[in-house]
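Everything in the sequence shown is counted per my numbering, starting at 96 for the first residue and increasing by one.
We put the beta carbon where it would ideally sit given N, CA and C, even for glycine.
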Amino acid sequence: MAQLLFTLALYLLGVGIFGLAVFPGALFVWAVWKATAFSPMLPRLLFLCLGGAAAFFIFGIALILIVGVLRLLLRLDLHQGEFSMVSPSSAQWALANALYLVVAVTFMDFILITPLAPFFYRLMGAKVGRNVQINSKYCADLSLMEIGDNAVIGGHATVICHSFERHRLILRPVKIGKGAIVGLNAIVLPGAEIGEGATVAAGAIVPKDTKVPPHTTYMGV
Numbered sequence: 096m097a098q099l100l101f102t103l104a105l106y107l108l109g110v111g112i113f114g115l116a117v118f119p120g121a122l123f124v125w126a127v128w129k130a131t132a133f134s135p136m137l138p139r140l141l142f143l144c145l146g147g148a149a150a151f152f153i154f155g156i157a158l159i160l161i162v163g164v165l166r167l168l169l170r171l172d173l174h175q176g177e178f179s180m181v182s183p184s185s186a187q188w189a190l191a192n193a194l195y196l197v198v199a200v201t202f203m204d205f206i207l208i209t210p211l212a213p214f215f216y217r218l219m220g221a222k223v224g225r226n227v228q229i230n231s232k233y234c235a236d237l238s239l240m241e242i243g244d245n246a247v248i249g250g251h252a253t254v255i256c257h258s259f260e261r262h263r264l265i266l267r268p269v270k271i272g273k274g275a276i277v278g279l280n281a282i283v284l285p286g287a288e289i290g291e292g293a294t295v296a297a298g299a300i301v302p303k304d305t306k307v308p309p310h311t312t313y314m315g316v
């Protein structure tokens, strides 16, 4: 019952977040509709379609900002440790990742490999250096993640800072050093440290608490 109530609460929160994010775009479409009131129907319909497309991107930017501000207001910074599945820390973890998923499943494909991706990661609590390239939405627990200057997270790579063991939630930070590269489809697990200038090969798995030495290529297990 507690899990069901928590899920319903997340759905209600999602309704509020999506509603607020849609509102600016809806205002924009309404303004376009009013501004073209005296245009012939076909051009007016074209402008309305263009306005609707623009409204989607307005929605996406608004969504990123709303989720980031909400994370700050709710103080959803995660802390390393081991926690019971029924605990405030586990609920905080679930809520923080739910907020991330709201963006990941709706708009993140449009911001990968752009400055907006590192910006969003920072809003979600990650420590992100300069000139970082992020090409994956399969990351989690961002407030436990540190990404150094000029690092790259390749396409569809998975970087997570949590695991479930013995019916407990385990959180460990992940550090990706300056100039490091996490390759296509690679998996980096909790507690891992990728050294400065190191490369995690495409498809490689970096197990928990593994330290990849600087300026090496890790081929995985």
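Three-state secondary structure assigned by DSSP to residue i
i	result
Val223	strand
Thr294	strand
Arg263	strand
Phe40	Any answer about residue 40 is impossible in this case: the structure gives the chain only from 96 up to 316.
Phe178	strand
Val127	helix
Ile159	helix
Residue j beta carbon less than 8 Å from that of residue i
i	j	result
Phe123	Ala148	no
Gly250	Leu279	yes
Arg263	Met314	no
Leu218	Gly163	yes
Ala281	Ala297	yes
Same chain only: Cβ atoms within 8 Å of residue i, ignoring 5 sequence neighbours per side
i	result
Gly290	Gly272, Ala275, Lys306, Val307, Pro308, Pro309, His310, Thr311
Ile208	Gln228, Ile229, Asn230
Closest by C-alpha distance to residue i, when choosing among the options
i	options	result
Asp204	Ile159, Pro135, Leu103, Ala104	Ile159
Val254	Val227, Leu284, Glu288, Gln228	Leu284
Tyr216	Ser238, Val197, Thr201, Ile208	Ser238
Val197	Gly111, Pro302, Phe133, Leu99	Gly111
Val269	Ala191, Pro302, Glu260	Pro302
Ile161	Gln187, Ala126, Gly114, Val127	Gly114
His257	Trp125, Leu107, Ala191	Ala191
Residues near residue i by beta carbon distance below 6 Å, same chain, minus five either side
i	result
Arg225	Asp244
Lys232	Ala199, Met203
Val227	Pro213, Ile242, Ala246
Phe178	Ser184, Ser185, Leu264
Per DSSP, the bridge partner or partners of residue i
i	result
Val283	Val254, Val301
Thr312	Thr294
Tyr195	DSSP output for Tyr195 lists no bridge partner at all.
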